[in-house]
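Chains as they are written, first to last, in this note's numbering: chain A, 1 to 139; chain B, 140 to 278; chain C, 279 to 417.
Think of the CB as a built atom: it goes at the ideal place given N, C-alpha and C, for glycine as much as any other residue.
Since the structure is predicted, the reported quantities are computational estimates derived from the model, not experimental observations.
See structure below.
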C-alpha cells in the first residue's frame, strides 16, 4: 500500500548560526510512518536555513561554518539589506548547502552509510523555525 | 491511488543570464495532477541552468547573481572552451545551485514556507530551453 | 502498481579524486526496476563523495575539478584533521556538489535532457565505496 506521512519539527536556536544534528528525529518519523521502502524528504520551510548530510564531528562542523563564512560572508553591502534585513549572507549560505535533501528508506529505516548524519543548518535563528519531513513509499 | 503526472515548460530568456520566478506555474501543475500528498520534482533538462528556492526580492536576486559571478566567474581560460563553447561559467554556476529540487505536496498544494519561492536560474539562455516538473504521490 | 527497487554499486577509484560517469549503470537499474513512471534517487553512502549531473566533456570535467579545488582547497589546517584525518577538503567538496540527486523516470527510462549525464564524484577514494540507487514509482 502506498503511503505518505508528514511531520513538522520546530527549532529555536540559541545562537543565530547553528548546526543541529537531527538524524534521530528524522529516523523516528520514518518509524512512525510505517513506510518500509521509499523516500524521505527533509527541508526547512525557510530561506535562511538548509539541511545537509555529513559527518557528526565537531571539528568538521566548525570547518564547514568557517568555510561557509569565507564563501558567503556577512557583508553590510548586500542589496537585500535595503529592505531593512541584515541577513543577506544567510540566504547565500542556504543556497550553497541546498535547502532540501532526499534520503532513501529501506526495510523501514533510513538507508544511510555509516557516517552519514543529517544536520539542520540555521543561519538566522533565535526564533521559531519549521522543518518539514515527508516520507513517501510502500507501507 | 498512486499517480505520476509530468509536464514540460519551455523558456526562452531575453537575457543570457536570468532568474525566472516559476512558483505559480509549478503550483498549477500540482493542481492539474490531482495529487493530494507526495513529492514534486523540478529540474531544467539542460546543464547550464539550475532551479532554486529562495526569496522573491529583487535586491536579493541581484545579490545572488553577483555572488555566483564571484564564485564561478566568466573566464576565457576554461578548458571547456577548447570545444568552441564559451559558457564554462554557466556549467559551474548551475552546479553551485544544484540542477534539481524536490518539493513537498500536501493537501493538493506545494507545502512551502511563507517566503519560499521557486526560481528557474538560466545562465546561458536566449534560446528555447526545457524544464521538467514531475509530481508523484497519492491522488 | 507502486514499486520500489534498490541496488547498490561499489566503486574503488584508482586515483584519490576521480569523476566517474555512471549514467549507463543508473539507466540499467531503472530498466531492471520495471518502473515506468517515477523518481530515481542516486547517492553515495559516504561523506567525501557526491553525485552530480552535467556534461560528459573531458575539458569541463577538468574545469570542475580545478574549480572545486579553488573553492574547497586541500589545507592541513582544517580542524577535522585533529582527529587524524587528512580529508577535510573532500567533505567540503562533497557539500558543494550536494551528496544526492533525484532524477525523473518516464516511459521506463531516465527522462534527461540531451546533454545531462550522471557522475559519481569521488574526493577520497582508492578504497571500496558504495552508492545507492533507489527507483520509486509506478510499474
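Residue 256(B) counts as buried, since at least 16 other C-beta atoms from the protein chains shown sit within 10 angstroms of its C-beta. A Cβ-Cβ contact shorter than 8 Å links residue 314(C) with residue 416(C). In the three-state reduction of the DSSP assignment, residue 328(C) falls in the strand class, which pools E and B. Segment contact: the segment 246–253 of chain B against the segment 211–226 of chain B, fewer than three CB-CB distances shorter than 8 Å; contact not assigned. The segment 196–215 of chain B makes no contact with the segment 280–297 of chain C; the number of CB pairs closer than 8 Å stays below 3. Per DSSP, the unbroken beta strand (DSSP E) holding residue 315(C) starts and ends at 315–322. Contact check for residue 317(C) against residue 409(C) fails: the beta carbons are separated by 8 Å or more.
Contact check for residue 100(A) and residue 162(B): beta-carbon distance about 15 Å, past the 8 Å limit, so the pair fails to qualify. Apart from sequence neighbours up to five positions away, the residues of its chain that approach residue 46(A) with a beta-carbon distance below 6 Å are 129, ordered along the chain.
Among the residues of chain B, those whose CB is under 7 Å from the CB of residue 337(C) are 218, 219, 221 and 222, following chain order. Contacts between residue 69(A) and chain C, judged by CB atoms closer than 9 Å, are missing: the closest CB pair is about 13 Å apart.
Contact between residue 258(B) and residue 190(B) holds, with the beta-carbon distance rounding to 7 Å and staying under 8 Å. Distance from residue 145(B) to residue 262(B) at the Cβ level is roughly 25 Å; contact not present, criterion being Cβ atoms closer than 8 Å. In terms of beta-carbon proximity, residue 301(C) stays away from the interface with chain B, with every pair separated by 8 Å or more. Counting only residues of its own chain and dropping the five nearest sequence neighbours on each side, residue 389(C) has a CB closer than 6 Å to the CB of 382. Look at residue 251(B) here: in three-state DSSP terms it is coil, with no helix or strand label.
Chain-order list of chain B residues neighbouring residue 16(A): empty, with the shortest C-beta distance near 18 Å, by a criterion of under 7 Å.
Look at residue 190(B): its C-beta is not under 8 Å from any C-beta on chain A.
The Cβ atoms of residue 338(C) and residue 219(B) sit closer than 8 Å to each other. When the Cα atoms are used, residue 34(A) and residue 272(B) turn out to be separated by approximately 28 Å. In the displayed model, residue 273(B) falls within a strand according to three-state DSSP. By alpha-carbon distance to residue 125(A), the top candidate from 90(A), 72(A), 27(A) and 21(A) is 90(A). When Cβ-Cβ separations below 8 Å define contact, residue 273(B) makes contact with chain C. At a cut-off of 8 Å between beta-carbon atoms, residue 126(A) makes no contact with chain C. Beyond the five residues adjoining it in sequence on each side, residue 212(B) comes within less than 7 Å, by CB distance, of 228 in the same chain, given in chain order.
A straight-line Cα-Cα distance of about 21 Å links residue 121(A) and residue 195(B). Put simply, the CB of residue 230(B) is near chain C, with a gap under 8 Å to one of its CB atoms. Taking 8 Å as the threshold, the shortest C-beta distance from residue 340(C) to chain B falls below it. Residue 376(C) places its beta carbon less than 8 Å from that of residue 237(B).
Against chain B, the CB of residue 415(C) has a partner CB under 8 Å away; the residue lies at that interface.
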